[in-house]
Structures are given as structure tokens and as C-alpha cells.
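Protein chains in written order, with the working numbering: chain P, 93 to 269; chain X, 11 to 110; chain R, 9 to 379.
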Amino acid sequence: MPPFLYIFLGALAIVSALGVVVQRNPIHSLLALIATLMTVAILFMGEDAVVVGFLQIIVYAGAIMVLFLFVIWLLNLQVETGPTGHLALKLFGSLAAALLVTELFFILAPPRLQVKFTHEPPGYGSLASLAGKLFTDYLVAFEVTSVLLLAAVVGSVALARRLPGTDDPRAAGKIAS
Amino acid sequence: MIPLSYMMSLSAIIFAIGVAGVIIRRNILVMFMSIELMLNAVNLAFIALGSRLGSMDGQVIVFFVMTVAAAEAAVGLGIIISIFRNRETIHADDLTLMRW
Amino acid sequence: MTIELIAGAIKAILMIVAALSLSLFLLYFERKGSALIQDRIGSNRATITGLGKRMGMPNLGIINTTIADPIKMFTKEDFVPAGADKFLHALAPFMALFPVMITFVVIPFGDTISISGHRIDLEAANLNAGALYLLATIGLGVYGVALAGWSSNNRWALLGGIRATAQMISYELAMGLAIVSVIMTFGTLNLQEIVRGQGGVWFGFLPRWAIFTQPLAFILLLVAGAAESKRIPFDLPEGDSELIQGYFTEYSGGKQAVFMLTDFAEQALVAMLLTTFFLGGWQIPWLMRDGFHLPGGAFLALPALAVSLIGVAAFLVKVVALCVFLGTVRWTLPRLRYDQLMRLGWKGLVPLGLFNVLVTAFVVVATGRVQ
Numbered sequence: 093m094p095p096f097l098y099i100f101l102g103a104l105a106i107v108s109a110l111g112v113v114v115q116r117n118p119i120h121s122l123l124a125l126i127a128t129l130m131t132v133a134i135l136f137m138g139e140d141a142v143v144v145g146f147l148q149i150i151v152y153a154g155a156i157m158v159l160f161l162f163v164i165w166l167l168n169l170q171v172e173t174g175p176t177g178h179l180a181l182k183l184f185g186s187l188a189a190a191l192l193v194t195e196l197f198f199i200l201a202p203p204r205l206q207v208k209f210t211h212e213p214p215g216y217g218s219l220a221s222l223a224g225k226l227f228t229d230y231l232v233a234f235e236v237t238s239v240l241l242l243a244a245v246v247g248s249v250a251l252a253r254r255l256p257g258t259d260d261p262r263a264a265g266k267i268a269s
Numbered sequence: 011m012i013p014l015s016y017m018m019s020l021s022a023i024i025f026a027i028g029v030a031g032v033i034i035r036r037n038i039l040v041m042f043m044s045i046e047l048m049l050n051a052v053n054l055a056f057i058a059l060g061s062r063l064g065s066m067d068g069q070v071i072v073f074f075v076m077t078v079a080a081a082e083a084a085v086g087l088g089i090i091i092s093i094f095r096n097r098e099t100i101h102a103d104d105l106t107l108m109r110w
Numbered sequence: 009m010t011i012e013l014i015a016g017a018i019k020a021i022l023m024i025v026a027a028l029s030l031s032l033f034l035l036y037f038e039r040k041g042s043a044l045i046q047d048r049i050g051s052n053r054a055t056i057t058g059l060g061k062r063m064g065m066p067n068l069g070i071i072n073t074t075i076a077d078p079i080k081m082f083t084k085e086d087f088v089p090a091g092a093d094k095f096l097h098a099l100a101p102f103m104a105l106f107p108v109m110i111t112f113v114v115i116p117f118g119d120t121i122s123i124s125g126h127r128i129d130l131e132a133a134n135l136n137a138g139a140l141y142l143l144a145t146i147g148l149g150v151y152g153v154a155l156a157g158w159s160s161n162n163r164w165a166l167l168g169g170i171r172a173t174a175q176m177i178s179y180e181l182a183m184g185l186a187i188v189s190v191i192m193t194f195g196t197l198n199l200q201e202i203v204r205g206q207g208g209v210w211f212g213f214l215p216r217w218a219i220f221t222q223p224l225a226f227i228l229l230l231v232a233g234a235a236e237s238k239r240i241p242f243d244l245p246e247g248d249s250e251l252i253q254g255y256f257t258e259y260s261g262g263k264q265a266v267f268m269l270t271d272f273a274e275q276a277l278v279a280m281l282l283t284t285f286f287l288g289g290w291q292i293p294w295l296m297r298d299g300f301h302l303p304g305g306a307f308l309a310l311p312a313l314a315v316s317l318i319g320v321a322a323f324l325v326k327v328v329a330l331c332v333f334l335g336t337v338r339w340t341l342p343r344l345r346y347d348q349l350m351r352l353g354w355k356g357l358v359p360l361g362l363f364n365v366l367v368t369a370f371v372v373v374a375t376g377r378v379q
């Protein structure tokens, strides 16, 4: 992709990511996260991973974030007022993140990270090649993931339901024995 | 092609912002959102490396990471709802039952 | 390269103009067509200096719906309810409109035309993964509604917003399954290729439209599309008689106009999707690139430009017919209750969609379409 587009998208991604962490209103945080996800999806498409980029929008920004939104509604989260945590924690957290970034830059800067660019085979990033890999090399992982999804569905329904016959919300969440 | 180190640096920055979010914020939901940020940063790194090496493996791994993130989000949010129903709070500093 | 950019921009503008005109037509049909169906007169008062009345023509209400109503909506006071989140309240209409508008660019509305030697495909953005783009943008339509309901600081709006969100994400699944069946039948995600694959005739008279090979998927997409755009019988989120206007109760003026536009544009979008996937898009039976090849051997030669324009006209006719059909359904059926709606979506359409995908997969492999 042209460099100016990458710089624009990169800046947008960083600003939205900061928005997720800094905002006090959880819905504004969610919107910032959606913006980050869309930006990352476009970056995927710029790297010729077209199908995965669209899947990111369909699955992540279109479904998982709606789930987050529903939970925010359900818990009726309001804007956080008042002091939120110790100053020492914020200082330490920012310092730790800055240290992490510096360390990662050392590893990922040009002199150390040398990857020889090989050509991309024709049809790279298309649905056919993705499906080809999924159903041949990664078949076991595919089947196991489907079982995992089933377990997640059953688990989340069991966690979030209210016990039948009780009106007391405190009884909810207790797994029926 | 964008030089690989640029993509990896972007991924590193977003990852670090996610880490900062998990440490600094005390609202469990926002901590969860920061974890999703970290997962996305890793996805970006996988895709960038995959396209440089000409291998579809990167994209398949991202596919699986996305699926597992969806499953984890569902279960994690179920847990958050249960915590809220039992403790009436999702501020991490108030959940001290198992502290010594 | 630049001519493709310019052509793409012109086509995108054309599609948006078409979407807006269709929305205006749908608005008119909503007023006068519903009046026709319900055996009343409808709006017939607004005139410009009374010219038509003096000439003795009956007032068809066109000025009323197309000029007076939009002017009224845009000049109303725009207020934000007290205690509402101002930023979200202002953002919601545009988050609702944006995904709907950008979906129009991947709909193919004609075959290629040649302008000064360049072949231009009559689809604003010929994406190789066009169907995935469709699914992505349809999925994003949820946020406008959700934020509108939440940011209004009004419990009825919130109720409408929650119901609308749940309804949209449930029927998105059925839509996706119907689209996947068509994709499997034609073996490509490119929408222009799907339309091209629907050319030709069987037995000399039956056009090869996907509605004949995938009737169940057509019904699924019709029902799911009507539910996605929150049309009656699925308009419980709007709930005219219960929730006032549901999730956009607290909106007035220009923002309400944007929501109305979203509603009608989404209807037009669903009609265009049905046309593209099932009714052969711009294909007319017996019309090939060089003219009409009628059964019985008759051949009517036509210049290529005329053929393309006839294709575009055919596309428009099909879309308008489907819009009228959806509008007629709106004034005929009663509304579904929320639990009936959810039951229909999850226990009715999704299993049917999965069954359809399974059967399609078997047939596709058995007839040897896969390599």
C-alpha cells in the first residue's frame, strides 16, 4: 500500500488504541475499539490478506463488539466519576508499557529482523487458498475449534442465565447442580 | 511493500498500549477490551510476516486466533455478568475476596 | 489507471444518486401506494401556486412527499434530550447511514460499456471478495441503531434499540447463509461474475436465474432482508403503535430525516441484493452481447451500448418491482411479536439456511462443479 496510507492508518490505529485505554465512558471506549479494529482490518487488506480482513470486520467488529455493547447495557455501566486507581499504578503502568515498547523496538528494528521477501504465490489471500490450507494442513485445529466454540456457547449460556424459579438476581450465575 | 519493521513496530505499539490498559484501568470491561487490543496487535504481526514469507500459514493462524478470541469473549463476558450479579461491582479494586 | 479512478468515482456517485432517488420513490409509494392499498386518498394538498388545480388535474401528492416533506424535516428544530450523551446522539444517525450507503458500490447494475476504447465494468467497485464486503457492511449497520437507542436517555428508545439490535444480529445470520448458498452455486465471491453466471436460458425459455436453482435461499433472503431493514412484519423495534418511534423517538429534524433515509435506502438495498443474487441482476433472457437471440431463430442485432443500457433498465425494473412488493407486504401483514420474531429467526430460518447449504454442497460436488 502507498506509504502515506500506511502512515495515516497507523496513526489512526494508535490514536484509537489510546482512546480505548484513556476514555472514562465505556461506550466511548467501545467505539474507539471498533475504530481500531476497522483500521487493523484495512491494514490486513493492504497486506494482501483480503478475506481475513473482511472476516475481521464481520466477526470482530460486527459480532464480538456487539456482544460487548450488550454487556455494557445489561450492567448499565455509567461514566466513571471519581478517582480511578492510585497515581502510582498509572505511573508504573505507563512506565512498564514504554519499557515494553522500547524492548520490542530493539528486537524488531531493521538490523536485527531480517526476513527475505519471497514472492507471494498467485491467489494469495483468496478464499480458495485459505480454505485449502484450513482443510488440509490445519484440519485437526479446525475441528477442535468447532468443538471449542460449542463449549463456549454452552458455557456462556450456563454462566449468564438465571436459575428457573428464582426471582432473586443473586441466585443467577450459580451453576445449577 | 511497507518495510516489515514498520508493521512490526505498529504491532508492538498497539500491544504496549493494550498492556498499559490492562495495568492502569480498574474497570474489568475496559481491561477486557485492552486484551482484545493485544490480540489484534499479534494478528497484525502474523499477517505481516505471512505476506513477507509468501505463506498462507499466517492467515490461517489469524483465523484461529479470531475464533478463539470470539469464544473467549463470550465466556469472559458471561463471567463478568456473573461477577456483577453477585458483587454489584465491576471495579477490580473491590473484588478482594480471595486476597490474603 | 486514472480513467478507471474517474469512472469508478462517477459510478459511485451514480449509485448513490440512484439510492437516493429510489428512497424518494419508496417514500412516495409509502404515502400514495399505501393509500391505494388501504382505500383512501393519501396526501393531496400541497401545490405550487395551485397550477395543477387550476388546470383540473388531480393532485397526486408528488409535491407533498418529494418537496414539502423533506423541506419540513430539514427545517425542524434539532434538539438533544436532557441528560443524553451529545456525542453519541449526533453520531448515531451517521453510523446508521454510512454502512448502508457504502454497500451500494458493489452492486453490479450493468454489463461492460466501452468508452473511447476502455472497457468499463458497470459496477462501481469490482471487488473479488464482493460478497464478503456485503456481509461486512450489513453487519456494521447494527451500531447506528444501538447507539441511537442508548444515547436518547429514554427507556422506550432503549427498549426499541435493544430489540432492534437483537433482531438485526439474528437475521444477519440467515442472510449470510442464504448468500453463502448462492456463492456455492456459482463458485465465486465476485458479484459481477454471479450475475454473469445467470445468463442464458434453459429449455429455450426459462432464464437461468438463481431463483429457480435456489428457491429456498430466495425466500430466506427475502424474509431475512425484510427483518434486517426492520420492515413490517418485523418492525417491532420501531413499533409505531407501542414505542412511538422506537429507537429514534428522540430525534427530530435533520437527524430523523437521516434515519428515515436509512430505512428506505436499506429497503432499496435489500431489493438490489435480491435482484443481484436471485433474479439475474441486469440479465434479460435471450439478450446476448450482440443483440436479441429469440427462440425460433430470430435475431435482432443491437449496438453494444444499447445492450448495456437495456441491461441497466432491466435491473431498475426488477429493483422497483421488488421494492413495490416489499411495500405491499408492509401494508398487508400484521406485526410479529418479539418472541415470535426471535423464534422465527433462530429456530426457523437458521436451520433452514443450514439445511440449504448442506443440500447445495452435496449437489455442487455431485454435479462436479468443484475442481
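Ideal Cβ positions, reconstructed from N, Cα and C, are used throughout, including at glycine. Just so we're clear, the structure is a prediction, and the values are computed from it rather than from any experiment.
- In this structure, DSSP gives S122 (chain R) an extended state, which the three-state scheme calls strand.
- Assignment of G299 (chain R) by DSSP, reduced to helix, strand and coil, places it in the strand class.
- Here A276 (chain R) is not near S42 (chain R), since their CB atoms are 9 Å or more apart.
- With contact defined as three or more Cβ pairs closer than 8 Å, the stretch 220 to 228 of chain R and the stretch 127 to 143 of chain R are not in contact.
- Under the criterion of beta carbons closer than 8 Å, V266 (chain R) and F102 (chain R) qualify as touching, at roughly 7 Å.
- The three-state secondary structure of H178 (chain P), taken from DSSP, is coil.
- DSSP, reduced to helix, strand and coil, places N52 (chain R) outside both helices and strands of the structure shown, so it counts as coil.
- Distance check between K84 (chain R) and each of R:S260, R:V278, R:L330, R:W339 places R:S260 closest, using alpha-carbon atoms only.
- Leaving aside the five residues that flank L169 (chain P) on each side, the residues in its chain whose CB is nearer than 7 Å to its CB run, in chain order, P118.
- When the beta-carbon positions are compared, S238 (chain P) and V143 (chain P) stay at least 9 Å from each other.
- Secondary structure at H101 (chain X): strand, using DSSP grouped into helix, strand and coil.
- Among the CB atoms of chain P, one or more fall inside 9 Å of the CB of F95 (chain R).
- According to the DSSP assignment, A55 (chain X) belongs to the alpha helix (DSSP H) that extends over 38 to 63.
- Against chain X, the beta carbon of L123 (chain P) has no neighbour under 7 Å; the closest one sits roughly 11 Å away.
- Neighbours of L197 (chain R) across chain P, judged by C-beta separation under 7 Å: L219.
- Membership of F234 (chain P) in the alpha helix (DSSP H) is indicated by the continuous run 231 to 252.
- In the structure shown, R171 (chain R) falls within a helical segment according to DSSP collapsed to helix, strand and coil.
- Counting only residues of its own chain and dropping the five nearest sequence neighbours on each side, G233 (chain R) has a CB closer than 6 Å to the CB of V278.
- Contact between the stretch 57 to 72 of chain X and the stretch 220 to 240 of chain P is present: three or more C-beta pairs spanning the two stretches fall below 8 Å.
- When the beta-carbon positions are compared, L39 (chain X) and I164 (chain P) come within less than 9 Å of each other.
- Counting of Cβ neighbours within 10 angstroms places V113 (chain P) among the buried residues, the total reaching 16 or more.
- Remark: C-beta atoms of T257 (chain R) and Q222 (chain R) do not approach each other more closely than 9 Å.
- About 7 Å separates the CB atoms of I45 (chain R) and T336 (chain R); that is less than 8 Å, so the two are in contact.
- Against chain X, a Cβ distance below 9 Å from P256 (chain P) picks out nothing, because the smallest value is about 15 Å.
- For V163 (chain P), the chain X residues whose Cβ falls inside 8 Å of its Cβ are L39, L87, I90, I91, in order along the chain.
- Taking the Cα positions, G145 (chain P) is about 22 Å away from A20 (chain R).
- When the alpha-carbon of R345 (chain R) is set against those of R:A133, R:R171, R:A273, the nearest one is in R:R171.
- Using a Cβ-Cβ cut-off of 9 Å, L147 (chain P) counts as an interface residue toward chain R, since at least one Cβ of chain R sits closer than that to its own.
- When DSSP reads this structure, R127 (chain R) sits in a beta bridge with R:S122.
- Judged by beta-carbon spacing, I150 (chain P) lies within the 9 Å limit of G147 (chain R), meaning their Cβ atoms are closer than that value.
- Ranked by how close their Cα comes to the Cα of A235 (chain R), the residues R:G91, R:Q200, R:L167, R:M183 have R:M183 in first place.
- When rounded, the separation of the alpha-carbon atoms in V328 (chain R) and S237 (chain R) is 16 Å.
- In this structure, the beta-carbon distance from F74 (chain X) to A244 (chain P) does not fall below 9 Å.
- Check the Cα spacing between M280 (chain R) and each of R:M296, R:C331, R:W294: the tightest is with R:C331.
- V150 (chain R) has a beta carbon lying within less than 9 Å of a beta carbon in chain P.
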